[in-house]
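Report on the structure given below.
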Amino acid sequence: MIFLNSLKRRAARATALPALFAGVLLFLTAHYASGQDGATVQAIDVQYVGNQTVSPERIRSQMSTKVGDSLSLAQIDEDIKQLYASGDVDNVRMLSENVAGGVRLIVVVQSRAVYGGSEFRGNTLISTAKLEKKVDLRVNRPIDESALVTARQEMQELYRKKGFPEATVNYSIQPPDDRGYSMVLFTFDEGNQGILRNVEFIGNESFPSTRLKEEMEQKEKGLRTVFGNNGATDPQSLALDVQAIEDFYRDQGFLNAEVTNVSRVRADSKFVDVIITIDEGDTFEVNSLSIVGVTSLSLQDDVLPFLQTRAGDRFAGAKLKDDIKFIGDQYGRRGYIEARVIPRLEEAPGQSVKVVLDITEGSSYRVGRVHIEGNEKTNDPVIRRELPIEPGQEFDTTLIPVTKQRLENMNYFESVEIQPIDTSYTSAGEKDILVRVVEKPTGSVNFGAGFSSIDSVTGFFELTQANFDIGDWSDFTGAGQRFRFSARVGNERRDISVSFTEPWFLGKRLALTTEGYYRDSLFLSDQFDQTNIGGAVSLRRSLGEFTYGSVEYRGERIEVNPEGGASPFFLAEGGDFFKSSVSVSVTRDTRDNLFLPRRGHKISMGYEFAGLGGDVDDNIFTATGSQYFLLPRDTIFSLRGKFASSSNGDHVFTRHWLGGANDLRAFDFRDVGPRDAASLEVVGGNQAWFGSAEVTTPLIEKIRGALFYDIGEVTDAPAGTVGGGLHSDWGVGLRLFILGNAPVKLDYAFPLENDIFVDDDGGRFQFTMGATF
């Protein structure tokens, strides 16, 4: 008998010993043969080490060698690989024995257990149904132990989030039954609950406890953790928090600060307290700063004037980190992608240290080729046009995070990785760039119902594709275009719109947008309904890092339908009109976030020229602005304002109103402004302005409280009107970030100043969902 291949193992297991023993027995009892390569296979027998969990027929079906074939050692080697790849076996050995007319092939396997299901014992806090979802195994398939390890870890994480950090989960694979199925038994020791009730600091003389708690990921049980980790605490997370506290102290100049003791004290069966003892040590001053290894930069011109670490100042680790980054960027801008800055702190007299920065410059490189991987849907040019780095340029490392941010902002990718690489064909003095992306779905279909205090209940359907390709009729994906279809139908409105955007029109960073729409607005007034049918074409171009300008042509038919019994004023407003206009606008937007800005501003000014051959002759100027300030404890103070002016205001749809959730919140929608003397319905004015000041602060996780003040006025009304004047209000509200990024806004406002015609019943509730971009 001849060994056709040696025993192969997937992992070192104790169960490999029986397999080896069986192999030795077969070796001792079989007969040798010669010249077997090419002999006819007369039979294929399957023998098992341990329990038989896979049928002989299944083993044979996964082999290319069949009875009647000529024996091929190369083919046998491929059969062994295929058996391992099937996942059915842990170990396999093939032997052959001379028989009449050829050879008998013997396949010795140690088969893997076949999954028959899971049992759970000891779980009283988490349901079996919830735990079963963590087991990524299929019945009648071999058991993959790596999946069991993952399941165990995820189950323990469930307990940790529930406040049971001491819970342990173990599993065991049971012996197979007579059908070859093995059950997996999970056993639970849930331990005691350990919800963090209080964190106490001892020895923190320089910083209050509230400041140190901000450095911790673990949070005390309270209102702020209602939507978070529910006050869960565990030793691993606590160790990371201790490290964060020590790093914070060292960044503030306390070089010898350390946490000397951490105690987890059980308050009762549910809660634990954590006591952290800190030895702050002394602060240190910078005795001197020296930089060595600089040959390619000018210390006096390029480095020293910009450093924050200076002799005589208190040492601050945070400033030193910033200085190291600055020096690295100075080299990076010049192509020194391998430059390294290593800090050293040396003893100096008194409570001071010498700061030494050792610099290894390396060589300067230029960009070779740019390789893109992972974009199975997105076309290469769509990615390349966003890259600020091109072949042949100096390799500026500071542009790598800019490139990463640009690609992430496209919202096409789950992840973006950018790194310099060497290839076999890279020229001397060059480095290639590898851009590796992982794509994510860019299309969505949304439908449902919504409610606002402006237009009541609305059902909606929306189809969007953010990475659209109008030229690819197979799946319409990959060219970086944007398509959106939206329909909204409710008691007070019926809207349908279709839009298409080409962000790189004519191969330039010039966004072309076309839009068609039908809007039937029943919520504008009790005196009339308004229908708009039209389309628009616009071009938008960047004018700087934070500024962009746009020009738009819009043509629309506007139908004003007075209600039965409407006043003479609104009966005269009725009719069919065609409005043809061109608009220009400039916007500067420095906000740090679209949905919850904490810093920055957005200012926009636009002018609409109507009367280009239509029935409407009016020019409308609009200016809006907002400014955001971040205060301590994540409190945000914001100012908003708007001014709008029409040159003629001959039609109800070119005049201006105030009131509602977006400006004067103590008043109904469009209920502030001059009124028709007969019906007392607001008719609007040629000019309107409003201003708002608001403060929001965190109440609990994902919920912020708001306090606000609004003021505004509508003026320059048509003849025959009454009322108007200055209106103002104040109020309180909530901002709920529980349905995604865009907040749900709940406001209750009280009027301060208003005219005598406003229905003043003491306050208004306003509800909206979403954000103004």
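Under my numbering, read the sequence shown as residues 3 to 775, first letter to last. Glycine is no exception: its CB is placed at the ideal position from the N, C-alpha and C atoms.
Asked, Found
"In DSSP terms, what residue 77 is bridged to", "In DSSP, residue 77 forms no bridge with anything."
"Alpha helix (DSSP H) runs wholly inside the segment 655-727, at least 4 long, in chain order", "none"
"As assigned by DSSP and simplified to three states, the class of residue 472", "coil"
"Where residue 142 falls: helix, strand or coil (DSSP)", "coil"
"Where the alpha helix (DSSP H) through residue 411 begins and ends", "401-411"
"Proximity below 7 Å, CB of residue 364 to CB of residue 340", "yes"
"Distance, residue 746 Cα to residue 760 Cα", "27 Å"
"Check whether residue 503 and residue 489 have beta carbons under 7 Å apart", "no"
"Residue nearest to residue 295 in terms of C-alpha spacing, selected from 359, 319, 311 and 204", "359"
"Nearest-angstrom Cβ-Cβ length linking residue 698 and residue 690, presumed shorter than 8 Å", "Incorrect: roughly 25 Å between the Cβ atoms, too far for contact."
"Residue 24 in three-state terms, based on DSSP", "With a pLDDT of only 40 at residue 24, under the threshold of 50, the placement of this residue in the model should not be trusted, and no figure is reported."
"Coil, strand or helix - residue 540 by DSSP", "strand"
"Contacting residues, own chain, Cβ-Cβ under 6 Å from residue 195 (five flanking each side not counted)", "165, 166 and 272"
"Beta-bridge partners of residue 281, as assigned by DSSP", "260"
"Range of the contiguous beta strand (DSSP E) that encloses residue 292", "287-294"
"Supposed contact pair residue 505 and residue 536 - C-beta distance, whole angstroms, cut 8 Å", "The pair is not a contact, with the Cβ atoms about 23 Å apart (cut-off 8 Å)."
"Coarse secondary structure for residue 768, derived from DSSP in three states", "strand"
"Between the CA atoms of residue 563 and residue 471 - distance to the nearest angstrom", "40 Å"
"Integer Cβ distance of residue 415 from residue 442, believed to fall under 8 Å", "6 Å"
"Nearest-angstrom Cα separation, counted from residue 409 out to residue 468", "13 Å"
"Sequence-distant residues of its chain with Cβ nearer than 6 Å to residue 23 (five each side left out)", "Any reading at residue 23 needs caution, since the residue's pLDDT is 38, under 50, leaving its predicted position unreliable; the model's value is listed next. Excluding positions up to five away in sequence, the list is empty."
"Whether residue 247 touches residue 264 by CB criterion (7 Å)", "no"
"Contact under 7 Å by Cβ, residue 675 with residue 693", "no"
"Spatial distance of residue 421 from residue 404 (CA atoms)", "13 Å"
"Buried/exposed call for residue 15, threshold 16 Cβ in 10 Å", "With a pLDDT of only 36 at residue 15, under 50, the local geometry of the prediction cannot be trusted, and the value read off the model is given with reservation. Its Cβ having fewer than 16 others within 10 Å, residue 15 is exposed."
"Same chain, Cβ closer than 7 Å to residue 425, five either side skipped, listed in chain order", "434"
"Simplified DSSP assignment, three categories, for residue 330", "helix"
"Residue 538 versus residue 581 - alpha carbon distance", "12 Å"
"7 Å Cβ cutoff met for residue 556 and residue 523", "no"
"Beta carbon of residue 671 nearer than 7 Å to that of residue 661", "yes"
"Inter-residue Cα distance where the pair is residue 249 and residue 306", "26 Å"
"Completely contained alpha helix (DSSP H) runs for the segment 560-644, where each covers 4 or more residues", "570-575"
"Residue span of the beta strand (DSSP E) that contains residue 421, given as start and end", "415-423"
"Reduced DSSP secondary structure (H/G/I, E/B, other) of residue 739", "coil"
"Residue span of the alpha helix (DSSP H) that contains residue 253, given as start and end", "237-253"
"Helix, strand or coil at residue 747 [DSSP, three-state]", "strand"
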